[in-house]
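Asks:
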Amino acid sequence: MENLIDIKDLSPKEIDKLIEVAKDIMQNPEKYSEKCKHKIMATLFFEPSTRTRLSFESAMLGLGGSVLGFSEAASSSASKGESVSDTTIIVGGYSDIIVMRHPKEGAPLVASMKSIVPIINAGDGGHNHPTQTLTDLLTISCLKNRLDNLTIGLCGDLKFGRTVHSLITAMSRYKNIKFVLISPDELKVPDYVKEEILDKNNIEYVETNDIEEYMKDLDILYMTRVQKERFFNEEDYIRLKDYYILNKKKLENAKKDLSVLHPLPRVNEIATEVDDDPRACYFEQARYGRFIRMALILKMLNIK
Ligand code: CP
Numbered sequence: 005m006e007n008l009i010d011i012k013d014l015s016p017k018e019i020d021k022l023i024e025v026a027k028d029i030m031q032n033p034e035k036y037s038e039k040c041k042h043k044i045m046a047t048l049f050f051e052p053s054t055r056t057r058l059s060f061e062s063a064m065l066g067l068g069g070s071v072l073g074f075s076e077a078a079s080s081s082a083s084k085g086e087s088v089s090d091t092t093i094i095v096g097g098y099s100d101i102i103v104m105r106h107p108k109e110g111a112p113l114v115a116s117m118k119s120i121v122p123i124i125n126a127g128d129g130g131h132n133h134p135t136q137t138l139t140d141l142l143t144i145s146c147l148k149n150r151l152d153n154l155t156i157g158l159c160g161d162l163k164f165g166r167t168v169h170s171l172i173t174a175m176s177r178y179k180n181i182k183f184v185l186i187s188p189d190e191l192k193v194p195d196y197v198k199e200e201i202l203d204k205n206n207i208e209y210v211e212t213n214d215i216e217e218y219m220k221d222l223d224i225l226y227m228t229r230v231q232k233e234r235f236f237n238e239e240d241y242i243r244l245k246d247y248y249i250l251n252k253k254k255l256e257n258a259k260k261d262l263s264v265l266h267p268l269p270r271v272n273e274i275a276t277e278v279d280d281d282p283r284a285c286y287f288e289q290a291r292y293g294r295f296i297r298m299a300l301i302l303k304m305l306n307i308k
């Protein structure tokens with residue numbers, strides 16, 4: 005049995021295959037509509053979600069399977085003190101695959117050690133979010149028709165933004181990728197990501213706190229929200245939350261074929277006036293999440 009805890013659990017070849025299947029599902033949904041008949045997926049969300057949970061559920065329903073689960077710890081026996089491991093063992097008896105989001109880094113990994121069914125990490129604290137990265141890769145592949153030779157700006161909360169850490173890890177495996185890391189000093193990419201991923205793989209990157217400095221060079225601008233729920237101090241959050249607000253003026257020098265992405269939810273970091281710009285691709289990106297998750301469910305359940 006395989007689990008998806010970290011994006012590194014998938015080789016680039018496996019990711020290419022998932023993208024290929026997701027594109028086929030987009031073209032021929034009816035071909036897949038009964039592939040998971042009699043299969044049950046459990047979504048155990050100990051932390052809030054709109055896109056990840058609902059796109060997983062929509063994915064399983066689109067494959068003809070069924071779903072069960074909870075959307076907050078308070079409505080599960082975690083509120084009575086049950087451990088993540090025990091919850092996982094129990095739910096493994098009711099389902100064929102478990103999708104888990106948890107505020108504690110490493111919780112899905114711990115769950116996978118005891119689980120009798122495959123576990124998918126749907127976001128663990130400020131650590132990883134591999135299925136968002138699969139969504140991002142499918143989006144980039146559809147928009148650019150390639151995953152190499154790209155200059156990618158990552159902007160906002162690069163410290164706590166788990167989508168950023170997983171995306172850097174994944175994109176660093178493709179040829180000629182350059183990163184522009186745009187953040188306030190307090191929210192820079194953690195050293196472990198720089199040392200273990202960027203430096204180790206000789207990936208070219210610059211760090212800046214100016215969103216406009218490298219705008220003209222970017223193929224992708226990946227905006228992120230400041231992660232309020234990970235701050236220890238509300239004053240720091242209030243001081244940093246509106247540090248970047250992307251608007252039409254800031255896009256004036258950007259390439260005509262720039263793609264603006266955002267894992268969402270958005271708070272203030274992209275002005276709504278940008279939504280009408282043809283370069284704004286974040287809503288399309290969220291829609292792609294359903295198809296790559298359909299492909300992932302099939303792979304993890306060994307369904308051809
Ligand atoms: N991108 C993402 O993880 O969104 P949700 O928190 O709504 O699932």
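Residue numbers for the sequence shown follow this note's numbering, so the first one is 5 and each next one is one higher. Virtual Cβ for every residue (Gly too), placed ideally from N, Cα, C.
In or out: His42 buried (at least 16 other Cβ within 10 Å) or exposed?
Replies: Burial is judged here by how many other beta carbons sit within 10 angstroms of a residue's own beta carbon; His42 has fewer than 16 and is exposed.
Asks: Which partner residues of Cys159 appear in the DSSP bridge assignment?
Replies: Ile186, Met227
Asks: On a CA-only basis, which of Glu273, Leu268, Leu265 is nearest Ile249? Give me that one, please.
Replies: Glu273
Asks: If you draw a straight line from the C-alpha of Lys35 to the C-alpha of Pro267, how long is it?
Replies: 29 Å
Asks: Please name the residue in Pro107, Thr91, Ala77 whose C-alpha comes closest to that of Lys232.
Replies: Nearest of Pro107, Thr91, Ala77 to Lys232, Cα basis: Pro107.
Asks: What does the shell around the ligand CP hold, if a residue joins when its beta-carbon is under 7 Å from any heavy atom?
Replies: Pro52, Ser53, Thr54, Arg55, Thr56, Arg57, Gly127, His133, Gln136, Thr167, Pro267, Leu268, Pro269
Asks: How many angstroms separate the CA atom of Gly69 from the CA atom of Ser59?
Replies: 14 Å
Asks: Would you give the residue range spanned by the beta strand (DSSP E) that Phe287 belongs to?
Replies: Here Phe287 belongs to no beta strand (DSSP E); instead the alpha helix (DSSP H) covers 286-304.
Asks: Contact check, Ala111 vs Asp128 under 8 Å by CB: the rounded distance?
Replies: 5 Å
Asks: What's the call for Gln136, buried or exposed, on a 16-neighbour Cβ count within 10 Å?
Replies: buried
Asks: So, is Phe236 buried or exposed, given that buried needs 16 or more other C-beta atoms within 10 angstroms?
Replies: exposed
Asks: Taking the alpha-carbon positions, what's the Val114 to Val88 distance?
Replies: When rounded, the distance between both Cα atoms is 8 Å.
Asks: Nearest to Leu191 by CA position, among Met298, Leu171, Lys245, Ala26, is which residue?
Replies: Nearest to Leu191 by alpha-carbon distance, out of Met298, Leu171, Lys245, Ala26, is Lys245.
Asks: Compare the Cα-Cα distances from Tyr178 to each of Met227, Ala284, Asn205 and report the closest residue.
Replies: Asn205
Asks: Would you mind working out which of Val271, Leu141, Lys39 sits nearest Glu309, comparing C-alpha positions?
Replies: Lying before the first or after the last residue shown, residue 309 is absent from the chain, which here runs from 5 to 308.
Asks: Assuming Asp281 and Leu255 are in contact, meaning their beta carbons sit under 8 Å apart, how far apart are those beta carbons, in whole angstroms?
Replies: For Asp281 against Leu255, the beta-carbon gap comes to about 7 Å, under 8 Å, which counts as contact.
Asks: Please state whether the Cβ-Cβ distance between Gly3 and Thr47 is less than 8 Å.
Replies: The displayed coordinates of the chain run from 5 to 308. Any statement about residue 3 would go beyond what the structure contains.
Asks: Got a sec? Which residues, its chain only, sit under 6 Å from Ser37 by beta carbon, not counting five neighbours each side?
Replies: Gly68
Asks: Tell me the DSSP secondary structure of His133 in three-state form.
Replies: coil
Asks: Residues in the same chain with beta-carbon distance under 6 Å from Pro16, minus the five sequence neighbours each way, listed in chain order, please.
Replies: Arg177
Asks: For a minimum of 4 consecutive residues, which ranges assigned as the alpha helix (DSSP H) are wholly contained in the stretch 79-160?
Replies: 88-96, 111-118, 134-148
Asks: State the Cα-Cα distance for the pair Ile207 and Ser80, rounded to the nearest angstrom.
Replies: Ile207 and Ser80 have their C-alpha atoms some 43 Å from each other.
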